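At position 33 of the sequence shown (counting the first as 1) the number is 201 in the working numbering, and the numbers step up by one without a gap. We treat Cβ as the ideally placed atom computed from N, Cα and C, and that holds for glycine. Predicted, not measured: the structure shown is a model, and the values here were computed from it.
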Amino acid sequence: MPGIALTVKKMEIKEFTAAEESAGMRIDRFLAEMMDGELTRSAVVKLIEDGAVTVGGSAVNKNYRMRTGDRIELAVPEPVLPEARPENIPLDIVYEDDDLLVVNKPRGMVVHPAAGNPDGTLVNALLYHCGDSLSGINGVLRPGIVHRIDKDTSGLLIVAKNDRSHRGLAEQIKEHSFTRKYQAVVVGNIKDDEGTVNAPIGRHPTDRKKMTVTMKNSREAVTHYRVLQRFGSYTHLELTLETGRTHQIRVHMAYLGHPVAGDPVYGGKKYLASLNGQCLHAYFISFVHPITGEVLTFSAPLPDYFRDFLSTLEERQ
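Here it is in structure tokens:
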């Protein structure tokens, strides 16, 4: 397995404003949390030492304590992954034209290369299928990737083939005009037939690999749910994302006390090892084509693992 060598290609400027609850926090910790896992705290410290962090236009050191209203700029070097190479991995392509494609990602496939997954990813497969015809906005580490779904979540994902398409799709996500619906089986019998979870999500204070509902250094997160079928100790749901935070559905369902079945991270003692991952599928997506203006709508049938689990639950009733 090849190693990963990161080099600097260009800089991306990130801007933040310190909220009242951040007052007194060290700037390296603040930025690590605001970067939502994209940078470790040690990486932030290195950037601070390199002069890539300013507060109110002036460079600071890593010991700087945040003040309410501080305006912070962070210059993040964009990583390049030379080893990311085309791989002939079969793709389930639902739609494709000159500007974008919609892929039905299988459970278990990582979206883009990272230190622990340098190959075998969706990006490797896209590089083989599309060649140079992918948006470069996210660099060679994530070419064409407009939005992500977890490794162990299956379903629909849009890929941009050029920067114009990428910008148009990203703007729709920002404006919440991009419809994404999931199906999930969650633990327990949800009381209401439908509802909304409006609870901000941020990095977990002690487990950096997890997200949590928190008011501290968090971002707005809204998930709508509707019951499709009840199985006594489990509930089959349709979930619609209004926002798209990391692990949003998994965190919100766990917050309600109904974690996604099979979720090893947020399911606690109710984790089902037999599922080999969470029972969560991105089955529906609708958006305006960023070039033609046409409304495109796609759905992906439930995969075998999901249908088999539903069949098992039906047999138990």
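The beta carbon of proline 471 lies closer than 6 Å to those of Ser322 in the same chain, with the five residues before and after it left out. Rounded to the nearest whole angstrom, the CA to CA distance from valine 308 to threonine 465 is 28 Å.
Contact between leucine 215 and valine 262 is ruled out by a C-beta separation of about 39 Å, above the 8 Å threshold. In this structure, alanine 293 and glutamate 255 form a Cβ contact; the two beta carbons are roughly 6 Å apart against a cut-off of 8 Å. Taking C-alpha positions only, glycine 436 is separated from glycine 299 by approximately 42 Å.
Membership of glutamate 189 in any beta strand (DSSP E) is not indicated, and neither H nor E is assigned to it by DSSP. Remark: C-beta atoms of serine 345 and leucine 268 do not approach each other more closely than 7 Å. Just so you know, the alpha carbons of serine 210 and isoleucine 195 end up roughly 12 Å apart. Beta-carbon to beta-carbon, aspartate 431 and glutamine 446 are separated by about 4 Å, close enough to satisfy the 8 Å threshold. Here threonine 289 is buried, its C-beta having at least 16 other C-beta atoms within 10 Å. Following the DSSP letters along the chain, one finds serine 303 in no alpha helix (DSSP H), marked with neither H nor E. Apart from sequence neighbours up to five positions away, the residues of its chain that approach arginine 418 with a beta-carbon distance below 6 Å are Val428, Asp431 and Tyr434, ordered along the chain. If only uninterrupted alpha helix (DSSP H) runs of at least 4 residues are considered, those enclosed by the stretch 410 to 470 are 416 to 423. In the structure shown, the three-state DSSP call for histidine 297 is helix. The beta carbons of valine 314 and histidine 426 sit about 29 Å from each other, so the pair does not count as a contact at 8 Å. Membership of tyrosine 232 in any beta strand (DSSP E) is not indicated, and neither H nor E is assigned to it by DSSP.
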